[in-house]
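Engineer:
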Amino acid sequence: MHERHRFWQRALRLLSLGVPREASSALFGHDHSLQQETWLRSLQKEKQHIIDWHDRLTDIPFVIIDMETTGFSPEQGDEILAMAAAKTVGGVVTDAYMTLVKRKSRFRNIFPP
């Protein structure tokens, strides 16, 4: 069990340093399983898609999420009114979703008489 834990520590450390798979395999020896090798490759592939802070937002696909609420205190009866999401690719909205949420209570009077 201890040896397995050390393997994962080494794998994560090497991935954080950006060590290529070939070099990491040489360091680990050939005693690790195919499952571990597959996991290591998937982490390296995922690492290639990490966003750099210098990337322009128009170059990064992302999803914008918005929620409309009656306030920020659910314990005081505040609720979600609506939820929306929009996927952007290249700075253009490519897909959107919006839904109203069924409220449990009526709107309270927010304006004094």
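If you read the sequence shown in the numbering used here, its first letter stands for residue 889, the second for the next number, and so on. Positions of the beta carbon are idealized from the N, C-alpha and C atoms, including for glycine. Predicted model only: the values in this text are computed from it and were never measured.
Over the uninterrupted beta strand (DSSP E) stretch that includes Ile968, give me the two end residues.
Structural biologist: Run containing Ile968: 968-977, per the beta strand (DSSP E) assignment.
Engineer: Confirm, please, whether the CB-CB distance from Ile968 to Met955 is below 8 angstroms.
Structural biologist: A distance below 8 angstroms separates the beta carbons of Met955 and Ile968.
Engineer: Around the Cβ of Leu945, are there at least 16 other Cβ atoms within 10 angstroms (buried) or fewer (exposed)?
Structural biologist: exposed
Engineer: For Thr958 and Ile952, what's the separation of their Cα atoms in angstroms?
Structural biologist: 20 angstroms
Engineer: With 16 other CB atoms within 10 Å as the buried threshold, where does Leu928 fall?
Structural biologist: buried
Engineer: Using the Cα positions of Thr924 and Ile939, report the straight-line distance between them to the nearest angstrom.
Structural biologist: Note on identity: in this sequence residue 924 is Gln, with Thr being the wrong assignment. Going from the Cα of Gln924 to the Cα of Ile939 covers about 25 angstroms.
Engineer: Leu988 bridges to which residues according to DSSP?
Structural biologist: Ala970
Engineer: Grouping DSSP H, G and I as helix and E and B as strand, with all else coil, what is Thr958?
Structural biologist: coil
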